[in-house]
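If you read the sequence shown in the numbering used here, its first letter stands for residue 387, the second for the next number, and so on. The structure appears right after this line, and notes come after that.
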Amino acid sequence: MWCGVLLLAMSGALAETLRVDAMSLSPDAAWRRGDAAQEKEDGVYLLEWPVPQGVAMQVALPRRATPIKADAEAFHANLRKKWAYQYGKSAEIGEIEIGAARWLVCRRPAGDGAAIVFQLATVHEGRAYSLLAFASPQAAGLPKPVYDLLAGVGFGPEARPWSATRVVAAQPGREALEALVHGDAERLGQDGMLTGYGVEYTRPPEAANLGRGLAWFMEGFKWRNPVGRDERLPLSLRGNLEAGVVPGPAGGLAISLRLTAETGAEVEVEVSLLDLCAPAAELDDALVRLARGARAPLERLARERPATCPAPPISAPPRVLLARPGQAVAETLEFPPGPTPPTPPGLSRIKILAARPRLAGGEEALGQSLLRPLGLYFIYGPE
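As structure tokens, then:
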């Protein structure tokens, strides 16, 4: 369990809900948050309850719960022995029911004698949650602000963080691309001709491991006068998309985008979040097929979610970034990950941020068939 000396550099007043895996609590606005850099370094939430005179109450709440092998009773029994061995006769150890949880409490003097330390631990669904509170040396029992803080604890679906594991670049083979653009060539007919097209995936020099670039082009010409064929008008469609994973605030899933419409028509990139739950082998197979430009297996898994899987969270609507001809636009988009309930045995769960380019002119726009199967898919797994 987390233990240490608490030295706080405080920031502003608090008005938010704190999440630790499945546990949530909403501190009173009088609580102040600790320094963000110190919180990050120590892996805790730091709180302070100001006191006009004397020692302010300070709290450290680890941001992650600890998986345990034993049940709650055995865990509490072992922790009692550990605390008794560490702190000896100076430790007062007992249990207290507060709100939705039963906490094991150890009251002891701080190492320098300047404060009283309260160590608390509880268990929920195989994970131990802990809290460390520093109070005035005169504090005989758990201070009321700390008691009220714990009275507001609730347990629900876990909000465990997700991390990006890989990126899949959907790239149809040469024959598939030829079949896709055949319709555009037929539509031009006697009015013109396609002279070339292509797609290239790259890794931009400045991109991290999970950054990719995608460029496309289609060239040809139209006759100004199809009957007389006396003048060729150039036909050119060129653009590129660069995307990469970036840290998202508050545990969100985020990617940075740069979209360029070099010539031709307006280009959009649509970014959407997909939540999938299926046997690991089926997910792997769908991602392999996706890399070849086939989205159907992935879409089937989204439709045919096993009944034993947790219901998918309500996703934020797709976001769209638009670039006009000759324009480059850049933006970072974030999507909330939602809760992470336990995944049933035999199943796996992933989230996918899909960035797919398209022409803004609709399905009938010349060149849309070339872009339709393309995309960059960022795969996330729960930590």
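Glycine included, each C-beta is placed from N, C-alpha and C at the ideal position.
Report task. Using a threshold of 8 Å, state whether the C-beta atoms of PRO683 and ALA672 are closer than that. Result -> Looking up residue 683 in the sequence shown gives position 297. Looking up residue 672 in the sequence shown gives position 286. A contact, by the Cβ cut-off of 8 Å.
Query raised in the report: Roughly how many angstroms lie between the CA atoms of ARG771 and LEU645, to the nearest whole one?
Result: Past the edges of the chain, shown from 387 to 769, lies residue 771, and the structure says nothing about it.
**Report entry** Residue burial classification, PHE764 (beta-carbon count within 10 angstroms, cutoff 16)
**Finding:** Position 378 of the sequence shown, counted from the first residue, corresponds to residue 764. Buried, since its Cβ has 16 or more Cβ neighbours within 10 Å.
Requested in this report: Give the straight-line distance between the Cα atoms of THR729 and ASP407, rounded to the nearest whole angstrom.
Outcome: The count along the sequence shown starts at 1 and reaches residue 729 at position 343. The count along the sequence shown starts at 1 and reaches residue 407 at position 21. So the two alpha carbons sit approximately 14 Å from each other.
Query raised in the report: Excluding five sequence neighbours on each side, which residues of the same chain lie with their C-beta closer than 7 Å to the C-beta of VAL632?
Result: Reading the sequence shown from its first residue, position 246 is the one you call residue 632. Closer than 7 Å at Cβ, skipping near neighbours: ALA640, ILE641, SER642 and THR718.
Query - Nearest candidate by alpha-carbon position, reference ASP661, set GLY638, SER701, GLY634 and ASN626 - result: As a first step, residue 661 is located in the sequence shown; it is residue number 275 there, counting from the start. Nearest of GLY638, SER701, GLY634 and ASN626 to ASP661, Cα basis: SER701.
Query raised in the report: By how many angstroms is the C-alpha of LYS608 removed from the C-alpha of CYS695?
Result: Sequence index remark: in the sequence shown, residue 695 carries index 309 (1-based). Sequence index remark: in the sequence shown, residue 608 carries index 222 (1-based). Computed Cα separation, rounded: 53 Å.
Query raised in the report: Roughly how many angstroms separate the alpha carbons of TRP548 and PRO612, rounded to a whole number?
Result: For the purposes of this step, residue 548 is taken as residue 162 along the sequence shown, with counting starting at 1. For the purposes of this step, residue 612 is taken as residue 226 along the sequence shown, with counting starting at 1. Distance between the alpha carbons of TRP548 and PRO612: 56 Å.
Query raised in the report: From ALA550 to TYR766, what does the alpha carbon distance come to, in whole angstroms?
Result: For the purposes of this step, residue 550 is taken as the residue at position 164 of the sequence shown. For the purposes of this step, residue 766 is taken as the residue at position 380 of the sequence shown. Between ALA550 and TYR766, the C-alpha separation is close to 4 Å.
Query - Option in HIS462, LEU762, ASP570 and GLY538 with minimal Cα separation from ARG678 - result: The residue you call residue 678 lines up with position 292 of the sequence shown. Cα-wise, what sits closest to ARG678 is LEU762.
Report task. Mind reading off the beta-carbon distance from LEU805 to GLY630? Whole number of angstroms is fine, and I expect it under 8 Å. Result -> With the chain covering only 387 through 769, there is no way to say anything about residue 805.
Requested in this report: Grab the span of the alpha helix (DSSP H) containing PRO531 for me, first residue to last.
Outcome: On the sequence shown, residue 531 is found 145 positions in, with the first residue counted as 1. Segment 530-537, the alpha helix (DSSP H) holding PRO531.
Query raised in the report: Is CYS492 near ALA477, with beta carbons less than 8 Å apart?
Result: If you number the sequence shown from 1, residue 492 lands on position 106. If you number the sequence shown from 1, residue 477 lands on position 91. Yes, these two residues count as a Cβ contact at 8 Å.
Query - GLY538 versus THR508: straight-line alpha-carbon distance, rounded - result: Position 152 of the sequence shown, counted from the first residue, corresponds to residue 538. Position 122 of the sequence shown, counted from the first residue, corresponds to residue 508. Roughly 14 Å between the two C-alpha positions.
Query raised in the report: Nearest to PRO590 by alpha carbon, out of TYR583, ARG598 and ALA423?
Result: Along the sequence shown, read from residue 1 onward, the residue named residue 590 stands at position 204. Checked all of TYR583, ARG598 and ALA423; the closest Cα to PRO590 is ARG598.
Query raised in the report: Whose C-alpha, out of LEU404, VAL503 and LEU669, is nearest the C-alpha of LEU733?
Result: Looking up residue 733 in the sequence shown gives position 347. Of LEU404, VAL503 and LEU669, the residue nearest in Cα terms is LEU669.
Requested in this report: State the DSSP-derived secondary structure class of PRO620, mapped to helix, strand or coil.
Outcome: Counting from one through the sequence shown, the residue named residue 620 turns up at place 234. DSSP places PRO620 in strand when its eight states are reduced to three.
Query - Reference GLN444, options PHE520, ILE454 and GLY569, closest by Cα - result: Counting from 1 along the sequence shown, the entry for residue 444 is found at position 58. Of PHE520, ILE454 and GLY569, the residue nearest in Cα terms is PHE520.
Report task. Could you tell me the distance, in whole angstroms, from the CA atom of ALA463 to the CA atom of ARG705? Result -> The count along the sequence shown starts at 1 and reaches residue 463 at position 77. The count along the sequence shown starts at 1 and reaches residue 705 at position 319. Spanning the two alpha carbons is a distance of roughly 51 Å.
Query raised in the report: Measuring CB to CB, does GLU750 end up less than 8 Å from ARG710?
Result: Counted from its first residue, the sequence shown places residue 750 at position 364. Counted from its first residue, the sequence shown places residue 710 at position 324. Cβ distance not < 8 Å, so GLU750 and ARG710 don't count as in contact.
Query raised in the report: With 16 as the cutoff for other CB atoms within 10 Å, does GLN754 come out buried or exposed?
Result: Sequence index remark: in the sequence shown, residue 754 carries index 368 (1-based). Its Cβ being crowded by 16 or more others within 10 Å, GLN754 is buried.
Requested in this report: Pull up the distance between the alpha-carbon of THR726 and that of GLU425, whole angstroms please.
Outcome: Here residue 726 corresponds to residue number 340 of the sequence shown, with the count starting at 1. Here residue 425 corresponds to residue number 39 of the sequence shown, with the count starting at 1. If you take the alpha carbons of THR726 and GLU425, they lie about 23 Å apart.
Report task. Would you kindly work out how many angstroms separate the C-alpha atoms of LEU490 and ILE479, rounded to a whole number? Result -> Within the sequence shown, residue 490 is the residue found at index 104, counting from 1. Within the sequence shown, residue 479 is the residue found at index 93, counting from 1. Rounded to whole angstroms, LEU490 to ILE479 spans 7 Å at the Cα level.
**Report entry** Assigned exposure category for GLY625 - 16 Cβ within 10 Å defines buried
**Finding:** For this step, residue 625 is matched to residue 239 along the sequence shown. So GLY625 ends up on the buried side.
Query raised in the report: For LEU687, which of helix, strand or coil comes out of DSSP?
Result: In the sequence shown, the residue the question calls residue 687 occupies position 301. In the three-state DSSP reduction, LEU687 falls in the helix class (H, G or I).
Query - Separation of LEU659 from GLU605, as counted between CA atoms - result: Position 219 of the sequence shown, counting from 1, holds the residue named residue 605. Position 273 of the sequence shown, counting from 1, holds the residue named residue 659. Going by the C-alpha atoms only, they are around 33 Å apart.
Report task. Please report the Cβ distance between VAL657 and ALA741, rounded to the nearest whole angstrom; I am assuming they are in contact, meaning their Cβ atoms lie under 8 Å. Result -> Translated into the one-based positions of the sequence shown, residue 657 becomes position 271. Translated into the one-based positions of the sequence shown, residue 741 becomes position 355. Contact holds; Cβ gap of about 5 Å.
Query raised in the report: By the 10 Å Cβ neighbour count, where 16 or more other Cβ atoms means buried, how is GLY650 classified, buried or exposed?
Result: Within the sequence shown, residue 650 is the residue found at index 264, counting from 1. Buried, since its Cβ has 16 or more Cβ neighbours within 10 Å.
**Report entry** ALA556 - DSSP class collapsed to helix/strand/coil
**Finding:** What you label residue 556 is simply residue 170 of the sequence shown in a count that begins at 1. If DSSP states are grouped into helix, strand and coil, ALA556 belongs with the strands.
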